[in-house]
Each structure stands twice: as C-alpha cells, then as structure tokens.
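First up is the structure itself, then whatever we jot down about it.
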Amino acid sequence: MANNNSNNRPSGFENLKYEIASQVGVNLKEGYNGDLTSREAGKVGGNITKRVFQVFRDQHQNQ
C-alpha cells in the first residue's frame, strides 16, 4: 500500500494494521497483499474496527 506521508514513516493506521495482523496470525506484507483470503482480510479489518470503536467508546465514557 502506498504511504502518503512526506517523510515516508508509517502512519498510525499502518502501524495498527500490522500490529493487529500479527496478533491474529495473518502474514501481512508491505505492499501488495492480494494473496490473502477473504477470511484473513476480514480478521484484520474486523479487529481494526473493534479497536477503533473501543478507543472511541473509552474516550467518550471519560467525558
């Protein structure tokens, strides 16, 4: 996946994506990942959604 940062550092989302992929046992590579199954891609995407929702909920409970 292309990195749009001007200094070529991975974004927070990219870091999160690779962190979650390793946690759920999906071998995510930098660049093209078309060889992933739908199940593997869904594991990563679903867990990203869970994490983002959890952070949002935690931030709003503390207000």
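Quick note: the numbering used here has the sequence shown finishing at residue 90, numbered continuously throughout. Using N, Cα and C, we set each Cβ at its ideal position, and we do this for glycine too.
What's the C-alpha gap between Asn54 and Phe80?
-> 24 Å
Minimum C-alpha distance to Phe40 - residue among Arg84, Val51 and Val71 = Comparing Cα-Cα distances from Phe40 to each of Arg84, Val51 and Val71, the minimum goes to Val71.
Would Asn74 pass as a contact of Ile47 if the rule is Cβ separation under 7 Å?
-> yes
Excluding five sequence neighbours on each side, which residues of the same chain lie with their C-beta closer than 8 Å to the C-beta of Lys77?
-> By the criterion of a C-beta distance shorter than 8 Å, Lys77 is surrounded by no residue of its chain, once the five residues flanking it on both sides are discounted.
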